[in-house]
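Going down the list, the protein sequences come from chains A and B. Note that our numbering gives residue 1188 to position 9 of the first sequence, counting from 1, and the numbers run on in steps of one. Note that our numbering gives residue 110 to position 109 of the second sequence, counting from 1, and the numbers run on in steps of one. Glycine residues also receive a C-beta, built at the ideal position from the N, C-alpha and C atoms.
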Amino acid sequence: AQTVTQSQPEMSVQEAETVTLSCTYDTSESDYYLFWYKQPPSRQMILVIRQEAYKQQNATENRFSVNFQKAAKSFSLKISDSQLGDAAMYFCAYGPYGGATNKLIFGTGTLLAVQP
Amino acid sequence: EAGVTQSPTHLIKTRGQQATLRCSPISGHTSVYWYQQALGLGLQFLLWYDEGEERNRGNFPPRFSGRQFPNYSSELNVNALELEDSALYLCASSLRQTSNTEAFFGQGTRLTVV
């Protein structure tokens, strides 16, 4: 069974600084998707960034980028130039390729605080 | 375009009662997913519906059930409520062919069992 582990329950960063959130996962599959979701106090889960496992290039979305290490089964999120609006719970998630089960497997989340 | 909408926003029930949660997917989306977010546990997959059929189910007891209507909206029913059912229930929708790569979430229903 696939698992996702986020070992940092809470993180803090100064505004305009860079922070990295860690995520490791376990799977026996070779093709899959990895995601980072943001959940602000409004509770709505917002997709931040997505990585296809068959792509070697790390995904980037503006100030958000990932460090995908397939062999190590590691998928960290780097937030550059942190803004107050980045404060939220961040969830790492695994998604199977092919849609046979269509379920996402989530980690327990990292609560990010941004200090002004 | 309207996003995924869930109702009610908050729901308070007594232990042993039944709860019904509703979800309207984004227009054109045929797949609906239900997740339970209990405090400190992340999101746990509950159910996946597509084209009116239950396609997959997570490790939850049978008192968690649901259905999908012809307009692709969905209901989640929780019978014989227990205190540990208190959680945020999130619904997501997607096109079947894009599956979990393009799932959009609603704002959830906060269920409190007292």
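### Message
Among B:Val33, B:Phe61, B:Leu22 and B:Arg16, whose alpha-carbon lies nearest the alpha-carbon of Pro9 (chain B)?
### Response
B:Leu22
### Message
Assess contact between the stretch 1196-1205 of chain A and the stretch 1262-1273 of chain A, defined as three or more Cβ pairs (one per stretch) separated by less than 8 Å. Is contact present?
### Response
yes
### Task
Taking a Cβ distance cut-off of 7 Å, strictly less, list which residues of the stretch 1207-1241 of chain A are near chain B, in chain order.
Cβ contacts with chain B come from Tyr1212, Ser1221, Arg1222, Gln1223, Met1224 and Arg1229.
### Task
Check the DSSP bridge columns for Val1198 (chain A) and list the partner residues they point to.
Under DSSP, the beta-bridge partners assigned to Val1198 (chain A) are A:Ile1258.
#### Entry: Runs of alpha helix (DSSP H) lying entirely within the stretch 27-60 of chain B, each at least 4 residues, in chain order
none
### Message
Can you pull the chain A neighbours of Leu89 (chain B), defined as C-beta to C-beta under 8 Å?
### Response
Arg1222
### Query
How would you label Gly17 (chain B), buried or exposed, when you count the other beta carbons within 10 angstroms and need 16 or more for buried?
exposed
### Query
Expressed to the nearest angstrom, what Euclidean distance is found between the alpha-carbon atoms of Ile27 (chain B) and Ala1232 (chain A)?
Whole-angstrom Cα-Cα distance: 27 Å.
### Task
Could you check what DSSP says for Leu96 (chain B) in three-state terms: helix, strand or coil?
Three-state result, Leu96 (chain B): coil.
### Query
Helix, strand or coil for Leu84 (chain B) per DSSP?
helix
### Query
Applying a beta-carbon distance threshold of less than 8 Å, which residues of chain B neighbour Lys1282 (chain A)?
Tyr34, Phe46, Trp49, Asn57, Gly59 and Asn101
#### Entry: Cross-chain neighbours of Thr1184 (chain A) in chain B, by beta carbon under 9 Å
Those do not exist, as Thr1184 (chain A) stays about 10 Å from chain B at its closest Cβ, beyond 9 Å.
### Task
Using 10 angstroms around the beta-carbon of Thr1184 (chain A), count the other beta-carbons present and answer buried if the total reaches 16, otherwise exposed.
exposed
### Query
Using 7 Å as the limit for Cβ to Cβ distance, is Phe65 (chain B) near chain D?
Here chain D cannot be found, since the structure's protein chains are A and B.
### Presumed contact (8 Å Cβ cut-off) between Thr1199 (chain A) and Ser1255 (chain A), rounded CB distance
5 Å
### Message
If you measure between the beta carbons of Ala1267 (chain A) and Lys1234 (chain A), is that distance less than 7 Å?
### Response
no
### Top-ranked residue by Cα proximity to Leu96 (chain B), from B:Cys24, B:Val33 and B:Gly4
B:Val33
### Message
Pull the bridge partners of Asn78 (chain B) from the DSSP assignment, please.
### Response
B:Thr21 and B:Ser66
### Query
How many angstroms separate the CA atom of Lys1257 (chain A) from the CA atom of Ala1251 (chain A)?
17 Å
### Query
For Pro1220 (chain A), which option in B:Ser94, B:Val115 and B:Leu89 has the closest C-alpha, if you only look at C-alpha atoms?
B:Leu89
### Query
Does the beta-carbon of His11 (chain B) have 16 or more other beta-carbons within 10 angstroms, so that it is buried, or is it exposed?
exposed
#### Entry: Bounding residues of the beta strand (DSSP E) (the contiguous stretch that carries Asp1205 (chain A))
Thr1203 to Asp1205
### Query
Can you list, in chain order, the residues of its chain whose CB lies under 6 Å from that of Tyr50 (chain B), leaving out five sequence neighbours each side?
Val33, Gln69 and Ser75.
### Query
Where does Glu103 (chain B) fall in DSSP's three states?
Three-state result, Glu103 (chain B): helix.
### Beta-carbon proximity list for Gln38 (chain B), same chain, < 8 Å, skipping 5 on both sides
Leu44, Gln45, Ala88, Leu89, Tyr90, Leu91 and Gly109
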